[in-house]
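In what follows, a structure is listed as structure tokens, so that the remarks can point back to it.
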Amino acid sequence: MSVEWEGPAVVLDARPHSEADALITVMTEAHGAHRGLARGGASRKQAHLWQAGNLVQARWVARLQDSLGTVSAELVHAGAALAMDDALALAVLRAACAVAEGALPEREAHPIVFGQLVGLVAGLGEDRAPVETLVRWEAQLLADLGYGLDLRSCAVTAETTGLRLVSPKSGRAVSTAGAGAWASRLLALPGFLVDEGAGAGGGGAADWRDGLAVTGRFLARDVFGLQHKGLPAARLLLADRVEGMVSP
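Start counting the sequence shown at -7; every next residue gets the next number (this note's numbering).
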């Protein structure tokens, strides 16, 4: 008797496990981040299938529920290949997969995070502001893990307008008036992160940089920091790329 499941999944990571096999991490709606051994996954025949960012129909089988299990899949959407011609889109894709792989507890379902990640992957190439999509997704991931930002009102004055800053300690929004002399010690809050109804692409590289700094601060402290790890290299590289896009 075996334990198995099948469903849509996002490939998060693939690492060689032997000369031919690979250790794969996928994320599904019902099973969260899930690892398995792909027989022949490191071969040239399967290498394209297990690229991080691909959407697949995955099947996982194991003798026992707690076993590593084996995973196989059919390609549904070649997200990695389709993002290859757009350096920024590819950097966003790699950052999202690396953050999900490192931040999410294994086998713990996070359906909203999964759904938004699928949307991010499927929208690359058409999304005018993929960094904004990533930052919103990271904010949702933080909320799902219990570290949600509170951007509804000013932590000092309770105002709901003029929110331009974020406390790096509490994750609460602060208005310009409420910040006073402390403004220089706070994080800049981009408009796209405050107004969820704003159209994508309304900001620019400076707003994207600020958004990455906000979510990156709390991912680094509350998620990866608790694991005694830093932000994934792919996430740091994305931040550096966006910083380089900001006009001096």
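Glycine included, each C-beta is placed from N, C-alpha and C at the ideal position.
Quiz item: Alpha carbon to alpha carbon, how far is Asp187 from Val234?
Solution: 21 Å
Practice problem: Go ahead and pull the three-state DSSP assignment for Ser176. | Solution: helix
Quiz item: Alpha carbon to alpha carbon, what distance is there between Gly203 and Ala180?
Solution: Between Ala180 and Gly203, the C-alpha separation is close to 8 Å.
Practice problem: Provide the residue(s) that pair with Ser167 in DSSP beta bridges, ordered along the chain. | Solution: Leu155
Practice problem: Return helix, strand or coil for Arg55, following the three-state DSSP convention. | Solution: In this structure, Arg55 counts as coil in the three-state DSSP scheme.
Exercise. If I'm right that Gly126 touches Ala88 with Cβ under 8 Å, what's the distance once you round it to whole angstroms?
Key: One detail in the question is off: residue 126 reads as Leu in this sequence, not Gly. Contact holds; Cβ gap of about 6 Å.
Exercise. State whether the segment 35 to 47 contacts the segment 2 to 19, with contact taken as three or more CB pairs (one from each stretch) at a distance under 8 Å.
Key: yes
Quiz item: Where do the ends of the beta strand (DSSP E) carrying Pro0 lie?
Solution: Unbroken beta strand (DSSP E) run through Pro0: Val(-5) to Pro8.
Exercise. Check whether the segment 74 to 82 touches the segment 90 to 101, taking contact to mean three or more Cβ pairs, one atom from each stretch, closer than 8 Å.
Key: Cβ pair count under 8 Å is below three, so no.
Quiz item: Would you call the CB atoms of Ala50 and Glu(-2) closer than 9 Å?
Solution: yes
Exercise. With DSSP collapsed to three states, give me the class of Thr17.
Key: strand
Quiz item: Sorted by chain position, which residues of the same chain lie with C-beta nearer than 6 Å to Gln38's C-beta, five sequence neighbours on each side aside?
Solution: Gly32
Quiz prompt | Same chain only: Cβ atoms within 6 Å of Glu100, ignoring 5 sequence neighbours per side | solution = Gly24
Practice problem: Could you say which of Leu229, Pro240 and Val238 lies nearest to Arg86 if we only look at CA atoms? | Solution: Leu229
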